[in-house]
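*Asks:* The following block contains the structure, expressed as structure tokens.
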Amino acid sequence: MLSVEQATGLVESHVQALAQMDVSLAEAFGRIVAMDLQVPFPSPRFDKSMMDGFGVRCRDFVDHSQRRLPVVRTITAGMTSSKPVSDEAAVRIMTGAVVPPGIDCVVPIEHVAFDESDPGEVTVSSDKVRSEGNILRKGSLAEPGDVLLFSGTEIGPQHIAVLAEFGFDPIPVFRRPAIAVLATGNELVDVGNPLGPGQIYNSNQPTLLAQSRQAGCFATSLGVVADDREQLQAAIRQGLQHDILLLSGGVSAGTLDLVPAELAAAGVECIFHKVAMKPGKPVWFGRWNDGDRTCLVFGLPGNPVSTMVCFEVFVKAAINAMTGRSIAKAVSAKAVLQQELSLKGDRFTYLPARVQWSAGEYVVCSVNWAGSADVRSTANANCLIPLHPEMGPWPAGTKVPVIPW
Numbered sequence: 017m018l019s020v021e022q023a024t025g026l027v028e029s030h031v032q033a034l035a036q037m038d039v040s041l042a043e044a045f046g047r048i049v050a051m052d053l054q055v056p057f058p059s060p061r062f063d064k065s066m067m068d069g070f071g072v073r074c075r076d077f078v079d080h081s082q083r084r085l086p087v088v089r090t091i092t093a094g095m096t097s098s099k100p101v102s103d104e105a106a107v108r109i110m111t112g113a114v115v116p117p118g119i120d121c122v123v124p125i126e127h128v129a130f131d132e133s134d135p136g137e138v139t140v141s142s143d144k145v146r147s148e149g150n151i152l153r154k155g156s157l158a159e160p161g162d163v164l165l166f167s168g169t170e171i172g173p174q175h176i177a178v179l180a181e182f183g184f185d186p187i188p189v190f191r192r193p194a195i196a197v198l199a200t201g202n203e204l205v206d207v208g209n210p211l212g213p214g215q216i217y218n219s220n221q222p223t224l225l226a227q228s229r230q231a232g233c234f235a236t237s238l239g240v241v242a243d244d245r246e247q248l249q250a251a252i253r254q255g256l257q258h259d260i261l262l263l264s265g266g267v268s269a270g271t272l273d274l275v276p277a278e279l280a281a282a283g284v285e286c287i288f289h290k291v292a293m294k295p296g297k298p299v300w301f302g303r304w305n306d307g308d309r310t311c312l313v314f315g316l317p318g319n320p321v322s323t324m325v326c327f328e329v330f331v332k333a334a335i336n337a338m339t340g341r342s343i344a345k346a347v348s349a350k351a352v353l354q355q356e357l358s359l360k361g362d363r364f365t366y367l368p369a370r371v372q373w374s375a376g377e378y379v380v381c382s383v384n385w386a387g388s389a390d391v392r393s394t395a396n397a398n399c400l401i402p403l404h405p406e407m408g409p410w411p412a413g414t415k416v417p418v419i420p421w
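Below, the structure written as structure tokens:
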């Protein structure tokens, strides 16, 4: 049976990168940058004052404890100021304004003696004057050609800020993956309808739709299909028109677990079936090709927690590779265990847990989880603890990896 690492590698090796497209700056949040973006002009574009105050020449204060200087003009943000300032003179200047030639220090207004009723002069102490004080020189933050954002960056608010500052609009990004979600099983009933004997609500489909959208994909529901070969085949063929098809249920060893056979009948090549992990062992992965069209297909176990974990481990790996995301959201961190943990069996295990910041470090505690069907307990979890049985047991106080969930 494949390990999680081997299975993830197979998923990533069968991914084709999606096409690039341009989106407006207003639509760029959450998208993945499709190429390195270079700084187009110096930052700042001019010598800039970082404070409200008075611009002076440092050399005018040599051998003086203080100077009383004439204020020759006022410069506000947005004004041009190319005229040099003469010796033994000052300018009043505002934050963000262009620093004129000759000025090499801006003394904050709270550090000078200045009378608003007589704005013609200002008194400045020499100990408040320092070379380049409160001046940001042209190009000191970035020069043309510097890489602003690397390909694969997921655009967040901080990236919107720099894109706007440097005038990028539109932005080259990867196309969003289109995901179809199909739930299978005679026992499933959509939420909002009454339950009959032996029936359960369809929780996997809305969960997978939410996970897909959270991962930045367009997600479409294909509804619930009973354990019927003809209905299942029709739904599969519809789902293959997407970039990724997710099916929940029907991949184990039951007499009505029809998904693997019907996927094969639809021309989907099986890459692997079953992984040495808990929960999620029955997971199925394949690929369908029809000329230029490709669809990655995941058959996910029917138990809700298994479905969610398999999405986090395998489907997200495909999405990240497909969109060129260079920094995956599921980045492992370390947290200190608050209770002892041990595992039964020999499978790599993902435990739902809750991590929080306490006394200067992250601490984590496994939730009271009864197994892959216990979806209620996951409502209290915000991470997964990935554990290899050969490394255990893990006493309280041990640092373990955690994956945000």
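If you count the sequence shown from 1, you need to add 16 to reach the working numbering.
Using N, Cα and C, we set each Cβ at its ideal position, and we do this for glycine too.
1. Is DSSP giving residue 56 helix, strand or coil here?
2. Mapping the DSSP letters down to three states, classify residue 364 as helix, strand or coil.
3. Name the DSSP bridge partner or partners of residue 83?
4. Distance check for residue 45 and residue 337, CA to CA, integer angstroms please.
5. Give the single residue among 77, 113, 155 whose Cα lies nearest to the Cα of residue 68.
6. Got a sec, what are the start and stop residues for the alpha helix (DSSP H) residue 178 sits in?
7. Alpha carbon to alpha carbon, how far is residue 367 from residue 346? Give it in angstroms, no decimals.
8. What residue range does the beta strand (DSSP E) around residue 24 cover?
9. If you draw a straight line from the alpha carbon of residue 418 to that of residue 89, how long is it in whole angstroms?
10. Do the segment 19–26 and the segment 106–125 touch if we need at least three Cβ pairs shorter than 8 Å?
11. Measure the C-alpha to C-alpha separation of residue 229 and residue 48 and round it to an integer number of angstroms.
12. Does the beta-carbon distance from residue 97 to residue 91 come in below 8 Å?
13. Roughly how many angstroms separate the alpha carbons of residue 182 and residue 283, rounded to a whole number?
14. Closest to residue 176 by C-alpha separation, out of 221, 80, 41, would be which residue?
15. Below 7 Å CB to CB, which residues in the same chain sit around residue 356 once its five sequence neighbours on both sides are set aside?
16. Quick one: is residue 293 buried, meaning 16 or more other Cβ sit within 10 Å of its Cβ, or exposed?
*Replies:* Let me lay it out:
1. coil
2. strand
3. 140
4. The straight-line gap from Cα to Cα measures roughly 19 Å.
5. 113
6. For residue 178, the enclosing alpha helix (DSSP H) stretches over residues 173–181.
7. In this prediction, residue 346 has a pLDDT of 45, which is less than 50 and means its spatial position is unreliable; what the coordinates show is noted afterwards. Rounded to the nearest angstrom, the two C-alpha atoms are 15 Å apart.
8. No beta strand (DSSP E) holds residue 24; the alpha helix (DSSP H) holding it covers 20–29.
9. 59 Å
10. With the cut-off at 8 Å, the segment 19–26 and the segment 106–125 do not touch.
11. Distance between the alpha carbons of residue 229 and residue 48: 14 Å.
12. Going by C-beta atoms, residue 97 is nearer than 8 Å to residue 91.
13. Between residue 182 and residue 283, the C-alpha separation is close to 48 Å.
14. 41
15. 409, 410, 411, 412
16. Buried, because 16 or more other Cβ atoms sit within 10 Å of the Cβ of residue 293.
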